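Only one structure is covered here, and it is reproduced in the block below.
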Amino acid sequence: PPQVNISATYPGATAKTINDSVVTLIERELSGVKNLLYYSATTDTSGTAEITATFKPGTDVEMAQVDVQNKIKAVEARLPQVVRHKGLQK
3 PPQVNISATY PGATAKTIND SVVTLIEREL SGVKNLLYYS ATTDTSGTAE ITATFKPGTD
63 VEMAQVDVQN KIKAVEARLP QVVRHKGLQK
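Going by this note's numbering, 82 is the number at position 80 of the sequence shown; the sequence numbering is gapless.
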């Protein structure tokens, strides 16, 4: 199935902090994306989060990426400033 990956960097944050202040917010936004089957996330002690959104087979991955980018834009203002500054990669 098509997948879209999102990564976020929060220098100095614990895995719990980045999960609570970044991953949870992004996951909430992703829940409304068309054709989304599921998402999974990993965080680590270096302040990095990786979120993978998996879509139904046959989904146009470029359209899925646009949908995900729009959701990220909607949540960006609520993310910690350092995460916004470092940027989110989609």
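Every residue gets a Cβ at the ideal spot worked out from N, C-alpha and C, and that includes glycine.
Here the structure is a predicted model, which is why all the values come from computation and not from measurement.
Asked, Found
"Would you mind giving the Cβ-Cβ distance between glutamine 5 and threonine 56, rounded to the nearest angstrom? I have them listed as a contact below 8 Å.", "5 Å"
"CB isoleucine 8 to CB threonine 45, shorter than 7 Å?", "no"
"Would you kindly work out how many angstroms separate the C-alpha atoms of isoleucine 53 and isoleucine 28, rounded to a whole number?", "9 Å"
"For a minimum of 3 consecutive residues, which ranges assigned as the beta strand (DSSP E) are wholly contained in the stretch 14 to 66?", "38 to 45, 50 to 57"
"Between which two residues does the beta strand (DSSP E) containing alanine 10 stretch?", "5 to 11"
"For glycine 34, which of Pro82, Ala76, Ser48, Lys18 has the nearest alpha-carbon?", "Ala76"
"In its own chain, which residues sit with a C-beta less than 6 Å from the C-beta of alanine 15, not counting the 5 before and 5 after it?", "Gly49"
"What separation, rounded to the nearest whole angstrom, lies between the Cα atoms of proline 3 and alanine 79?", "30 Å"
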